[in-house]
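Inspection log for the structure reproduced underneath, given as structure tokens.
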């Protein structure tokens, strides 16, 4: 276990207070889970007096942990809120209970609660009788007790440095005066001689196993001639949260506590040296990768808030922080006396990227029953994700999931009657508080029928890491499907395979920021019914090298003492970066004949800034550079020149900046040097050290005398586990003094075993996972998490290799070659102190497992009786094949053992009950891996039914449609037959079916492609289910009629008289006068219209005579062509067919010619005489008279006529007219006037002439 800063592991047996340079060092805890604080924290009771056994209840949300408020040490592992500690023992003192809960994406908030677990607290302000110890209860009232309570008996106060020997109880064998003795001494053997100044000593008791037995006894020593006890203690501050490894998305709760022992003294002491009401300031730093209690430079920290209470929590929004960078919270406290203390939180990061999900089902399609759903998140989640399944047409149904980390499983039971695509929706929250809902792969399955198979990707998925922003993907799929490609759950493009099933996508864009450049690319097929099949997936990493430049030091800088190194870097993949700094002598760098040898001065730092002790390098000119790595790729900055120039003597330590050990005796070794430019004869005079802020300096003896370089070493024992700061003073013989600080870490706890993330234990790796196909075998990456900074060792058949766990705890071994078969690896971690974890073993199998294909039955198919099974298994090596089946919810029963790779087998299903829940399983093993494929099928002996059927003629063919139903195996097809009316069905054809194949209800349609002669036909249909059962035949009769309506004769009617067309089809009518039109059409006509020029007039059928008629009220004024349109019941039509002409005629005229012109004659009688062909005589027929304008209207049928116009006072005129058809007579008559006697005799003569 590596202890960072003044970090102490959980250990109740050792004291946890460390001092350095006169003040208590803050202590920072490890191991709190990556969570933020919750809303409340109540501890009942919050104080317990005079007892070492007590019951305490912790009321909160989530979980909690308890810390020693003075040391920051976690006294017990985290526990679930609501627990009660019964009869629990802890040393007397003050504690703080801190609550943790799941991350809140809107920013967590919460509290900590103070807790005094025992009222006993030593207070040297009070002077009690010898042999007793003074202490105070929670109310600070002094009390005394005899020695039975304390493991040690000593006076609370001694005057003028009087000696005493602490008394020990029965179980106490040793005691130690903290900061004075080098270790525990045997009870009753050493007399303690306190100082005569005002100093408080802590005396600790140890049992025979050197285990600390609390509580400590505090003894105050002062001189009797002092007027008052002048005590001035340094403040102490601890940061409880954030902890190492925490991740936040919106806010974090900073929990801290500052104390000052002066606040336990008199009021005057409190006002002079204690804490003010608002003594704390909070900062954050990105340039403190490791913290060992050293003060953080003001340039390396940014203010969060100042003037805060001594003990509190602070909600800090982190949305403005940058991902990929490690942060620490720095807490400062200054007391009224001006003494200062500082503490740092653990290293935490921010993450604003929500998790994504890969969703898989155990079967791509199911008729009914259950489906096992597996959800794999891109990151660990805080809890079980929310998963719902929405079948087509049904509301989403929640699925109960189980699991942890990033993998969860659940079982969904399908709902009957909702066949089609079922969509799986996932929502989950990662440990940072980001909530994701995006499914990047999978997420669908089919209920009731079979989806198309997954495409086979031939290229584009081979390279798992690419440096370009686009890829091309090519493959093969079923030609009748549409292929879609998604990147991180977003549809990018679709295409249709060619006739051979080949498809290709080019310029498929990748995302560089989402999920650190990891892109999940999915290719899937959908059929014409929008059924979505399983996808072919790959994770393609678009890896972009980080960009970096050296910000400090500037080119040409002079460095001495502690010099600041800092690189500016960023990652477009938002990866966490590590920083390495290297130097090389300028001369070797510039030499053309040599290659520069770079020396690493800091390796894989979690932060960009580093305080480098430049005395580690000799004075001279160097080039310095930074190497920034994201774990896969790295960037090296351009080197800059520096000049190292140190003048004081200095020390270098054999272990570098830190000595870490797990040994009981810790040895620190190094070298002391005089300044490189020191005058001749200068030598190292002395090296002194002081551990943990002790006021006593110890000189280290040398083996050489008067040497400019001295080796030194010293050992310390019985040190408590944790970080110990050792200060050094190096002097030369001229009195020049150099100073150094060195951290000694005592760590006896091995780190936890590494945890593999990919591949997981028992994983099967195939050729598709090969990261470098050009290298024999398959190349994979083994990645996981371990203690940050530890050396992770991977041991396999080819040896052992190592990697460094990055500051976020991740490690990766790239290009691990696997041979075919099973291989076992072990991982173990070694921390900086040399502790090695127990090994974590895992196995990986490389094999391309057998590929199983069911030939008969197909998935979700049906069987009705005796049938045969057919299969095909493709494998690289000899395969054992077993075929079995199971009844619904029953065990599998073997059908065939040791089957051939491709074969058939008879099987009689006729005795099995009808059901849809049967399963057929093939298990194929190639000696390395085993493949299992299971399909569902139905046993179905019930014929389907045609529910609806309609047919109608369509030209020389017909169209038909309907629906069919089968409740078990589902409808496979609908067949039809066409025969002359009344005939039996002949050859059967397959109709076009709608809906998903195999579903219970399907529609069908028929568009007969052939031509039928006019006549009557019988159309027959039948349904076929997936088991081969056929329904009863359903028939419909139709008549095929492809002839347009026939147009017969037509005529017009005016003034009640029919007007027939002449030989050219022309009918004459009076101009502008209304007339009727009639035409004869064939009996199957259902509509007709008349076109007179540009005027269209609808015709209607007169049921009395069967003629199609219309009334043309407006008449016509000009000659117009006559065209006819008509449609029959079969849809045959004649359109705008010209049949004749209608000509307008003027009316007849009767007038008399006068000198002034022609005078219209009114009331002139026109008698019509018709010739009787049998007798040759004309007979009277009718008469008309002219109107006031002299006009008349006369329409006569076919025949010969004499038309006689006569009137009183006018001479009679006659016109002979012969008509071959009915027509208009419009002859003009000019009657001369009669005068004299003829006026009276003329009518008599006309009577005898025309009437007799």
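Numbering (this note's numbering), first residue to last: 25 to 1276. Just so you know, even glycine gets a beta-carbon here, dropped at the ideal spot from N, CA and C.
Checklist entry - Going straight from the alpha carbon of residue 1115 to that of residue 523, what length do you get? => result 53 Å
Next on the checklist: Can you tell me whether residue 402 is helix, strand or coil according to DSSP?
Outcome noted: coil
Item to check | Residue from 1150, 521, 496 with nearest C-alpha to residue 507 | outcome: 521
Item to check | Straight-line Cα distance separating residue 1217 from residue 1175 | outcome: 15 Å
Next on the checklist: Give me the residue from 1210, 909, 917, 454 with the minimum Cα distance to residue 942.
Outcome noted: 909
Checklist entry - Given that a residue counts as buried once 16 or more other Cβ atoms are within 10 Å of its Cβ, and exposed if not, what is residue 303? => result buried
Item to check | Closest by C-alpha distance to residue 192, when choosing among 208, 218, 229, 201 | outcome: 229
Item to check | Span separating the alpha-carbon of residue 397 from that of residue 944 | outcome: 20 Å
Next on the checklist: Please list the terminal residues of the continuous alpha helix (DSSP H) segment that includes residue 613.
Outcome noted: 610 to 614
Next on the checklist: Just to confirm the assignment, what range does the alpha helix (DSSP H) spanning residue 295 have?
Outcome noted: 291 to 297
Item to check | For residue 664 and residue 647, the rounded distance between their alpha carbons | outcome: 5 Å
Next on the checklist: Can you look up residue 418 in the DSSP assignment and give me helix, strand or coil?
Outcome noted: coil
Checklist entry - Given that a residue counts as buried once 16 or more other Cβ atoms are within 10 Å of its Cβ, and exposed if not, what is residue 624? => result exposed
Item to check | For residue 1225: DSSP bridge partner residues | outcome: 1194, 1241
Next on the checklist: Judging by CA-CA distance, which residue of 950, 1154, 772, 1125 is the nearest neighbour of residue 1039?
Outcome noted: 1154
Checklist entry - What residue range is occupied by the uninterrupted beta strand (DSSP E) comprising residue 713? => result 708 to 715
Checklist entry - So the beta strand (DSSP E) residue 282 belongs to, where does it begin and stop? => result 275 to 283
Item to check | Distance between residue 683 and residue 767 (C-alpha atoms, nearest Å) | outcome: 6 Å
Checklist entry - Thinking C-beta only, is residue 652 closer than 8 Å to residue 558? => result no
Checklist entry - For the segment 881 to 890 against the segment 857 to 866, are there 3 or more C-beta pairs whose distance is under 8 Å? => result no
Checklist entry - Buried or exposed: residue 583, going by 16 or more other Cβ atoms within 10 Å of its Cβ? => result buried
Checklist entry - Expressed to the nearest angstrom, what Euclidean distance is found between the alpha-carbon atoms of residue 993 and residue 546? => result 32 Å
Checklist entry - From residue 1126 to residue 975, what distance separates their C-alpha atoms? => result 31 Å
Checklist entry - Where do the ends of the beta strand (DSSP E) carrying residue 1148 lie? => result 1144 to 1152
Item to check | Neighbourhood of residue 393 by C-beta distance below 8 Å, restricted to the same chain and skipping five residues each side | outcome: 437, 438, 912, 941, 960
Item to check | Where the beta strand (DSSP E) containing residue 384 begins and where it ends | outcome: 380 to 385
Checklist entry - beta strand (DSSP E) containing residue 526: first to last residue? => result 526 to 533
Checklist entry - Between residue 688 and residue 775, is the Cβ-Cβ spacing less than 8 Å? => result no
Next on the checklist: Taking the alpha-carbon of residue 1220 as reference, which of 1163, 1161, 1229, 1207 has the nearest alpha-carbon?
Outcome noted: 1207
Item to check | the segment 606 to 614 / the segment 695 to 702 touching (three or more Cβ pairs under 8 Å) | outcome: no
Item to check | Burial state of residue 721, where buried means 16 or more other Cβ atoms lie within 10 Å | outcome: exposed
Item to check | residue 540, DSSP secondary structure in three states | outcome: helix
Next on the checklist: On the CB-based measure, 16 or more other CB atoms within 10 Å of its CB, does residue 1264 come out buried or exposed?
Outcome noted: exposed
Checklist entry - By Cβ distance below 6 Å, which residues in the same chain neighbour residue 677 in space, the five residues on each side in sequence not counted? => result 694, 766
Next on the checklist: DSSP three-state label for residue 773, please.
Outcome noted: coil
Checklist entry - What residue from 744, 750, 748 has the CA that sits closest to residue 772's CA? => result 744
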